[in-house]
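Colleague:
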Amino acid sequence: MKKRMLALVLVVCVLLCGCTPLVEDDEILEIYASFFPIYAFLDALTEDVPDINAHCLVQPQDGCLRDYQLSDWDLYLLASSADAMFMGGRGLESFEGTLFGWGEQGPVISAILYNLDLYNQDEEAVGEDASHFDGPNPHLYMSVNGAKTMLESMEATIAAIDPGYAHLYSRNLEDAIKGVEELQTIIEETRRAVEGSPVIIMNEALYYVADDYGLEIDMVFERESGVALYDSELDACIETIEASVSKVILIEKQAPQVFVKALENAGYTVVRIDILSDHRESEGFGGYIEAQKNNAAAIRGAFTNN
Numbered sequence: 028m029k030k031r032m033l034a035l036v037l038v039v040c041v042l043l044c045g046c047t048p049l050v051e052d053d054e055i056l057e058i059y060a061s062f063f064p065i066y067a068f069l070d071a072l073t074e075d076v077p078d079i080n081a082h083c084l085v086q087p088q089d090g091c092l093r094d095y096q097l098s099d100w101d102l103y104l105l106a107s108s109a110d111a112m113f114m115g116g117r118g119l120e121s122f123e124g125t126l127f128g129w130g131e132q133g134p135v136i137s138a139i140l141y142n143l144d145l146y147n148q149d150e151e152a153v154g155e156d157a158s159h160f161d162g163p164n165p166h167l168y169m170s171v172n173g174a175k176t177m178l179e180s181m182e183a184t185i186a187a188i189d190p191g192y193a194h195l196y197s198r199n200l201e202d203a204i205k206g207v208e209e210l211q212t213i214i215e216e217t218r219r220a221v222e223g224s225p226v227i228i229m230n231e232a233l234y235y236v237a238d239d240y241g242l243e244i245d246m247v248f249e250r251e252s253g254v255a256l257y258d259s260e261l262d263a264c265i266e267t268i269e270a271s272v273s274k275v276i277l278i279e280k281q282a283p284q285v286f287v288k289a290l291e292n293a294g295y296t297v298v299r300i301d302i303l304s305d306h307r308e309s310e311g312f313g314g315y316i317e318a319q320k321n322n323a324a325a326i327r328g329a330f331t332n333n
């Protein structure tokens, strides 16, 4: 089996990409991604590359990815088998500091969002009242242009980790970008039909979606993924959003049905958007593309049917 050696150029490239130093590996590379959106891009880049296994560390999540805490099993997998770990960073993973804290004793860690432009990136989330809606928004993968830049960042890093197959990673990047550009065509067609329409958003990941489709965010109602509101909290929510000029709400796909139904009964069109947190590893990059196509159809339907 081909031996992978570390060269000076690799050290420089890995450091520029936000990685800890790489250790030498003489067998199959085991590469992990934190959450499904990161894994989907890793899956695209490693397709048909020999001597590498790609894994999604965290199982599907209905709740907010930013709240996820590593389990003992997660830590065991990374400590015992991981050669490298791709994550978003910049607040996407609550455990970022833990992994970087391993230093040279742990796997290569690449936090790919640090060199990329994020929504609200110049604002800091500080104080006890700060929420996930404050500060840099790490859900860049929800944006079609964000997907391109994340793929490019990851390809540069993985080609540095495994330079012998750099040509295959480059080829896979080209193929993945083509897939994203086909998706972009669909999004742009939908944008022409809905651009300028006002919306209410109820999930932090949906800033990027509204931007891609040219939707005007008239109101943001802050809540966490997968959380329903009941009784007085529900009444307060509806009273709050009644101040908006919009009757269309964007919310995560896995929002509790009882909450969605209550909003619909109050006269709102609720558009469930796949925020890519509850997919399985087996769906891979194709699952990412399909989810985004379904999002485009849901958005177009919400406005063309009203």
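All letters in the sequence shown, in the order written, are residues 28 to 333 by my numbering. Here a beta-carbon is modelled for each residue, glycine too, at the ideal position from N, C-alpha and C. Since the model is a prediction, treat every value here as computed from it, not as a measurement.
Could you tell me which whole alpha helix (DSSP H) segments of length 4 or greater appear in the stretch 155-213?
Modeller: 171-188
Colleague: Which residues mark the beginning and the end of the beta strand (DSSP E) in which Pro225 is found?
Modeller: Within the sequence shown, the letter at position 198 stands for residue 225. Pro225 to Ile228 is the span of the beta strand (DSSP E), which, as asked, contains Pro225.
Colleague: In the DSSP assignment, find the alpha helix (DSSP H) that holds Ala67 and state where it starts and stops.
Modeller: As a working note, residue 67 is residue 40 in the sequence shown. Residues Phe63 to Leu72.
Colleague: Take the Cβ of His194 as the centre, count every other Cβ of all protein chains shown within 10 Å, and call the residue buried at 16 or more, exposed below.
Modeller: Within the sequence shown, residue 194 is the residue found at index 167, counting from 1. Burial is judged here by how many other beta carbons sit within 10 angstroms of a residue's own beta carbon; His194 has fewer than 16 and is exposed.
Colleague: Go to Cys264, then tell me how far its alpha helix (DSSP H) extends in each direction, as first and last residue.
Modeller: Walking along the sequence shown from the start, residue 264 turns up at place 237. Segment Asp258 to Ile268, the alpha helix (DSSP H) holding Cys264.
Colleague: Rounded to whole angstroms, what's the CA-CA distance from Ser304 to Cys83? Just pull it up for me.
Modeller: The residue labelled residue 304 in the question sits at position 277 within the sequence shown. The residue labelled residue 83 in the question sits at position 56 within the sequence shown. Answer to the nearest angstrom: the Cα atoms are 12 Å apart.
Colleague: Locate the beta strand (DSSP E) running through Phe248, then write down its first and last residues.
Modeller: The residue labelled residue 248 in the question sits at position 221 within the sequence shown. First-last for Phe248: undefined, no H or E at that position.
Colleague: Using a Cβ-Cβ cutoff of less than 6 Å, which residues in the same chain neighbour Val50 once the five nearest sequence positions on both sides are dropped?
Modeller: Within the sequence shown, numbered from 1, the residue matching residue 50 stands at position 23. Residue placement at Val50 is poorly supported in this model, since its pLDDT is 38, which falls under 50; the coordinates are not used for a value here.
Colleague: If you reduce the DSSP assignment to three classes, tell me which class Arg307 lands in.
Modeller: Within the sequence shown, numbered from 1, the residue matching residue 307 stands at position 280. Here Arg307 sits in coil by DSSP.
Colleague: Report the partner residues of Phe312 according to the DSSP bridge assignment.
Modeller: As a working mapping, residue 312 is identified with position 285 in the sequence shown. Partner(s): none; Phe312 has no beta bridge.
Colleague: In whole angstroms, give me the CA-to-CA distance for Asp78 and Trp129.
Modeller: The residue labelled residue 78 in the question sits at position 51 within the sequence shown. The residue labelled residue 129 in the question sits at position 102 within the sequence shown. Distance between the alpha carbons of Asp78 and Trp129: 25 Å.
Colleague: Would you kindly work out how many angstroms separate the C-alpha atoms of Tyr315 and Ala81, rounded to a whole number?
Modeller: Here the question's residue 315 lines up with position 288 in the sequence shown. Here the question's residue 81 lines up with position 54 in the sequence shown. The alpha-carbon atoms of Tyr315 and Ala81 are separated by roughly 16 Å.
Colleague: The alpha helix (DSSP H) spanning Ser108 covers which residue range?
Modeller: What you label residue 108 is simply residue 81 of the sequence shown in a count that begins at 1. From DSSP, the alpha helix (DSSP H) with Ser108 extends over Asp99 to Ser108.
Colleague: Start and end of the beta strand (DSSP E) containing Leu277?
Modeller: Along the sequence shown, one-based indexing puts residue 277 at 250. Looking at the DSSP string, the run of the beta strand (DSSP E) that includes Leu277 is Val275 to Glu279.
Colleague: Closest by CA to Val135, which one among Gly173, Gln96, Ala289 and Met181?
Modeller: On the sequence shown, position 108 is the one that residue 135 refers to. Taking only the C-alpha atoms, the option nearest Val135 is Met181.
Colleague: Assuming Ile227 contacts Asp245 under a Cβ cut-off of 8 Å, what Cβ separation, rounded to an integer in Å, is found between them?
Modeller: Numbered from 1 along the sequence shown, position 200 holds the residue referred to as residue 227. Numbered from 1 along the sequence shown, position 218 holds the residue referred to as residue 245. Correct: roughly 6 Å between the Cβ atoms.
Colleague: Looking at the structure shown, is Tyr240 part of a helix, part of a strand, or coil, going by DSSP?
Modeller: Sequence index remark: in the sequence shown, residue 240 carries index 213 (1-based). It is coil, neither helix nor strand.
Colleague: What does the alpha-carbon distance come out to for the pair Thr184 and Pro190?
Modeller: The residue you call residue 184 lines up with position 157 of the sequence shown. The residue you call residue 190 lines up with position 163 of the sequence shown. Distance between the alpha carbons of Thr184 and Pro190 is about 10 Å.
Colleague: So, do the stretch 248-260 and the stretch 218-225 have three or more beta carbon pairs nearer to each other than 8 Å?
Modeller: no
Colleague: Examine chain C for any beta-carbon lying closer than 8 Å to the beta-carbon of Tyr168, and answer yes or no.
Modeller: Chain labels in this structure do not include chain C; a single protein chain is all it has.
Colleague: Output yes or no for whether 8 Å exceeds the beta carbon distance between Asn172 and Ala71.
Modeller: The residue labelled residue 172 in the question sits at position 145 within the sequence shown. The residue labelled residue 71 in the question sits at position 44 within the sequence shown. The answer is no: Cβ separation not under 8 Å.
Colleague: Got a sec: does the ligand MN put a non-hydrogen atom nearer than 7 Å to the Cβ of Tyr103?
Modeller: Although the ligand MN was asked about, the structure shown includes no ligands whatsoever.
Colleague: How would you write the range of the alpha helix (DSSP H) that Phe113 sits in, first residue to last?
Modeller: Here the question's residue 113 lines up with position 86 in the sequence shown. Element bounds for Phe113: not the alpha helix (DSSP H) but the beta strand (DSSP E), Ala111 to Met114.
Colleague: Quick check: what's the CA-CA separation for Gln281 versus Ser197?
Modeller: The residue you call residue 281 lines up with position 254 of the sequence shown. The residue you call residue 197 lines up with position 170 of the sequence shown. Between Gln281 and Ser197, the C-alpha separation is close to 35 Å.
Colleague: Taking C-beta to C-beta, are Val298 and Ile276 nearer than 8 Å?
Modeller: Here residue 298 corresponds to residue number 271 of the sequence shown, with the count starting at 1. Here residue 276 corresponds to residue number 249 of the sequence shown, with the count starting at 1. Closer than 8 Å, so yes.
Colleague: Assign Leu290 to one of three DSSP states: helix, strand, or coil.
Modeller: Position 263 of the sequence shown holds residue 290. Reduced to three states, the DSSP call for Leu290 is helix.
Colleague: Are the beta-carbon atoms belonging to Gly133 and Asn147 less than 8 Å from one another?
Modeller: The residue labelled residue 133 in the question sits at position 106 within the sequence shown. The residue labelled residue 147 in the question sits at position 120 within the sequence shown. Not in contact: Gly133 and Asn147 (Cβ atoms no closer than 8 Å).
Colleague: Quick one: what's got a C-beta closer than 8 Å to Gln96's C-beta in the same chain, skipping five residues either side?
Modeller: Residue 96 sits at position 69 when you count from the first residue of the sequence shown. Excluding sequence neighbours, Gln96 sits near Ser121 and Phe122.
Colleague: Keeping to the same chain, check which residues put their C-beta closer than 6 Å to that of Ser273; ignore five residues upstream and five downstream.
Modeller: The residue you call residue 273 lines up with position 246 of the sequence shown. Excluding residues within five positions, the ones whose Cβ falls inside 6 Å are Pro225, Val226, Ile227 and Asp245.
Colleague: Along the chain, where does the beta strand (DSSP E) containing Glu22 start, and where does it finish?
Modeller: The shown model of the chain, from 28 to 333, leaves out residue 22, and the question about it has no answer.
Colleague: I'd like to check one pair, Phe68 with Phe312: are the Cβ atoms closer than 8 Å?
Modeller: Mapped onto the sequence shown, residue 312 falls at position 285. Mapped onto the sequence shown, residue 68 falls at position 41. Result yes, Cβ atoms of Phe312 and Phe68 sit closer than 8 Å.
Colleague: Once you ignore the five residues that flank Lys29 on each side, which residues in its own chain have a CB closer than 7 Å to its CB?
Modeller: Looking up residue 29 in the sequence shown gives position 2. Note on Lys29: pLDDT 32, under 50, position unreliable in the model; no value is reported.
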